[in-house]
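204 is the number that the working numbering gives to position 36 of the sequence shown; each next residue is one higher, with no gaps.
Even glycine gets a Cβ: it sits at the ideal position worked out from N, Cα and C.
Below: one structure, written as structure tokens.
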Amino acid sequence: MNHRAVCAVIIGNEVLTAKVVEANGAHLIRRLRERGIELNSVHMVRDEIDDLVEILAACRRKTKFIITSGGVGPTHDDVTVRAVALTLQRPVVRLPEMEARIRSYYGERPVPVEALRMAEGPEGSTLIPCGDLRFPVLECDGVFMLPGVPQLFKVQLEAVLAQLPGTPGVLRQLYLSVGEADIAAALDGVARAWPHVAFGSYPTWGEGTDHRVRLTIEHASGEVVDGAVAALEAALGSSIIRKD
């Protein structure tokens with residue numbers, strides 16, 4: 169198990185049937201990268217407990233942390249809490265603080281029984297405050313259960329990121345006038361000489377582009393990145409159009 173990495177699970181029939189455009193996954197990937205938090209994998213799964221438990225169990229074998237999106241509301245298809253509880257082999261219990269928050273939200277109005285489903289969590293759950301939102305993040309044993317509504321997801325995600333280990337890296341990019349086949353041997357040689365640096369090669373096509381390949385060079389140390397970039401510049405020479 170990787171004790172510093174994250175698996176992400178996007179939950180909802182509406183996502184897999186294109187009833188809504190999924191936005192949380194892309195935002196999560198970007199924010200994890202910006203914080204230097206390793207992402208192991210992203211999964212999309214239906215609102216089916218058995219399917220969700222299977223995915224969660226697989227993620228638990230790989231990473232210490234899981235971030236879920238969706239399935240924490242009051243309706244019949246909100247099954248995330250039950251699935252997480254089954255995965256962790258814990259009972260679902262009523263969380264007094266969440267119940268108090270929900271009752272406060274309704275004030276003098278009667279509280280629907282269904283609304284109190286949102287006060288449930290796996291036994292041993294903790295609540296993480298998040299900004300000005302009325303409701304905190306529900307967490308249990310490294311599984312963070314976030315809502316699927318993008319506006320809420322984004323706010324709650326920031327509270328989760330503060331709990332996770334990460335070191336932002338240094339990224340440089342080179343833009344080339346030749347194709348991947350033309351630079352593959354040189355890139356392979358530099359990558360072997362700098363084994364701890366993450367190199368990426370991304371070809372582009374179509375009109376309106378001023379380059380054929382974009383190379384990325386990434387490492388936690390800016391000094392190391394500078395050394396790897398210098399090695400690439402020596403190997404690729406005039407094929408480099410620009411860099412940033």
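In its chain, beyond the 5 residues on either side, Pro-318 have a beta carbon closer than 7 Å to the beta carbon of Ala-191. For Thr-248, no beta strand (DSSP E) run applies; the uninterrupted alpha helix (DSSP H) run containing it begins and ends at 248 to 256, by DSSP.
Take the alpha-carbon of Arg-360 and the one of Ala-366: they are about 11 Å apart. If only complete runs of 4 or more residues are kept, the region 202 to 273 shows the alpha helix (DSSP H) at 217 to 230, 248 to 256, in order along the chain. Collapsing the DSSP output to three states places Gly-275 in coil. Leaving aside the five residues that flank Pro-336 on each side, the residues in its chain whose CB is nearer than 6 Å to its CB run, in chain order, Gly-204. Scanning the region 342 to 382 for uninterrupted alpha helix (DSSP H) segments of 4 residues or longer gives 348 to 361, listed from N- to C-terminal end. Taken atom to atom, the span from the alpha-carbon of Arg-198 to that of Leu-325 is near 12 Å. Between the region 179 to 190 and the region 337 to 348, the count of C-beta pairs closer than 8 Å stays below three; the two stretches do not touch.
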